[in-house]
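Quick note on our numbering: the sequence shown kicks off at 168 and runs consecutively.
We put the CB at the ideal spot given by N, CA and C, even for glycine.
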Amino acid sequence: MENLVNQKLFSGVYEGKKVFLTGHTGFKGSWMMAWLEAMGAEVCGYSLEAPTNPNHLELLNLKGKSVIGDIRDIPLLEKTMSDFNPEVVFHMAAQPLVRLSYDEPHETFETNVMGSLNIYEASRKCSSVRTIVTITTDKVYENNEWVWGYRESDRLGGKDPYSASKAAMEIMTSSYRNSFFHLDKYGKDHHVLMGVVRAGNVIGGGDWAKDRLIPDIIKASLEGNPVSIRSPHSVRPWQHVLEPISGYLLLGQKLIENKKEYAKAFNFGPLVQEEMTVQGVLEHLKKYWDKIDYKIEVPKDMPHEAGLLKLDCTMAKVELDWSPVWTTEEGLQKTIEWYKAYNETEATNTYEDLTYFISNAKERKKSWI
Ligand SMILES: NC(=O)c1ccc[n+]([C@@H]2O[C@H](COP(=O)([O-])OP(=O)(O)OC[C@H]3O[C@@H](n4cnc5c(N)ncnc54)[C@H](O)[C@@H]3O)[C@@H](O)[C@H]2O)c1
């Protein structure tokens, strides 16, 4: 991996910065840890054991600290945080699967709501913490099957337990900010800014979670079975994992720079014209890997999942000057190439993708370069 320290991405704020990252053994967290380390951050990851085998984090061989712990284990969480003394907290750990949330509603709410409260309480007790960025989802919006995108000011809600747990967590986050880290008292009674980031369906190499479109397709393709697609016409804001992470890091930068006007929620997603149906995604994937095959099978008793879900990312564009680097099709191509290389030669092309993403971001004049 090319060392990114000299490139001063995000104005170089992450160089030497102590960052506490929850969910680092997961899909998004492992990409985030890799990028933070490449920029010279000192990272302490805190999560349960890797949720899948193979696991992206293990393939990356990162040098940062990795603590295996539960965010519901308050003594271990608080001790780990206070021993590390981070300045920045990125909180990603969650039970993130809609279908599993129907089987395990209690665990889903406990992890996503109370676990997040534990992160905030641990941060409040740890005097070094200045910035907290919490990762939520596009599914926090009360879904009206609208044809237009949801804005940050739209009403929160959630029919399935996962979406509801994330919406509940956001209400708790807002109450926490209001009660303990109020913006009017920033710099006087406290020194902590809290941001929230909402992104859509994320794709990229290294995801082996169940019930997610691309990992399901890869697995079925390698087994020589055409994958069953249950919602071919569902529209989702698909994005390569590096896109929202660039947004999380950019928001983190603004908060680290004490800009309190950014201590709120932001959507990060593809451009409106880039949103795609599940079937559209599959057709693109087939172009890049001839093993991809699928059949459409909608189960009669399928639990509810939103059909139409779009994000309006105008606020990220106007206030943060953030926009995606890659088109959805470029993100899909990079994703499928990652799995193809892994399957054929066991190569882990994460750093190649990151380097290419950053060079495209330079050419396309993104604000964080
Ligand atoms: N992948 C997506 O498409 C997507 C879309 C929107 C939002 N998100 C959000 O992004 C975040 C990361 O998701 P992901 O896709 O990387 O999921 P993942 O399942 O790959 O990773 C989840 C991480 O959380 C950790 N974790 C779960 N329960 C925990 C607990 N009780 N204590 C400590 N750690 C725990 C796991 O060990 C893992 O590191 C989640 O908050 C998720 O809701 C993901």
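Per DSSP, the bridge partner or partners of Ala366: Thr304, Phe435
Lys175 to Asn425 span [Cα, whole Å]: 18 Å
Cutoff 8 Å; reference Val439; Cβ partners in own chain excluding five residues on either side: Gly316, Lys477, Asp479
Phe540 (DSSP reduced to helix, strand or coil): Residue 540 is absent from the model: the chain starts at 168 and stops at 536.
Inter-residue spacing [alpha-carbon to alpha-carbon] between Gly371 and Ile423: 28 Å
When Arg291, Gly282, Asn310 are compared against Ile302, the one with the closest alpha-carbon: Gly282
Beta-bridge pairing of Glu209 - partner residues as DSSP gives them: Lys185
Alpha-carbon spacing of Val300 relative to Phe187, whole angstroms: 10 Å
Length at least 3, wholly inside the stretch 250-329: the beta strand (DSSP E) runs in chain order: 255-258, 298-304
Candidates Asn510, Ser268, Ser197, Glu337, of which the one nearest Val363 by Cα: Glu337
Beta bridge counterpart(s) of His191 as assigned by DSSP: Answer is none; His191 lacks a bridge partner.
Coarse secondary structure for Leu215, derived from DSSP in three states: coil
Span separating the alpha-carbon of Gly436 from that of Val408: 10 Å
Contact belief for Ala201 with Leu229 at Cβ below 8 Å, rounded distance in angstroms: 6 Å
Member of Trp489, Arg403, Gln262 whose CA lies at the smallest distance from the CA of Ala217: Gln262
DSSP three-state assignment for His223, whether helix, strand or coil: helix
Separation of Thr481 from Glu428, as counted between CA atoms: 16 Å
Nearest to Asn173 (by Cα), restricted to the options Leu323, Met206, Asp468, Gly183: Met206
Sub-8 Å separation of Ile463 and Ile384 beta-carbons: no
Same chain only: Cβ atoms within 7 Å of Glu274, ignoring 5 sequence neighbours per side: Gln262
Integer Cβ distance of Asn279 from Ser332, believed to fall under 8 Å: 4 Å
Stretch pair the stretch 411-422 + the stretch 339-357: three plus CB contacts closer than 8 Å: no
Per DSSP, cross-strand counterpart(s) of Thr444: Val402
Simplified DSSP state of His358, which is helix, strand or coil: coil
Buried/exposed call for Thr247, threshold 16 Cβ in 10 Å: buried
Inter-stretch contact (C-beta, 8 Å, three-pair minimum) for the stretch 223-237 and the stretch 387-401: no
Pair within 8 Å by beta-carbon distance, Asn345 and Ser295: no
Gly436: CB within 7 Å of a non-hydrogen atom of ligand 1: no
Cross-strand partners of Tyr461 (DSSP beta bridge): Val394
Those residues which DSSP pairs with Tyr353 across a bridge: His357
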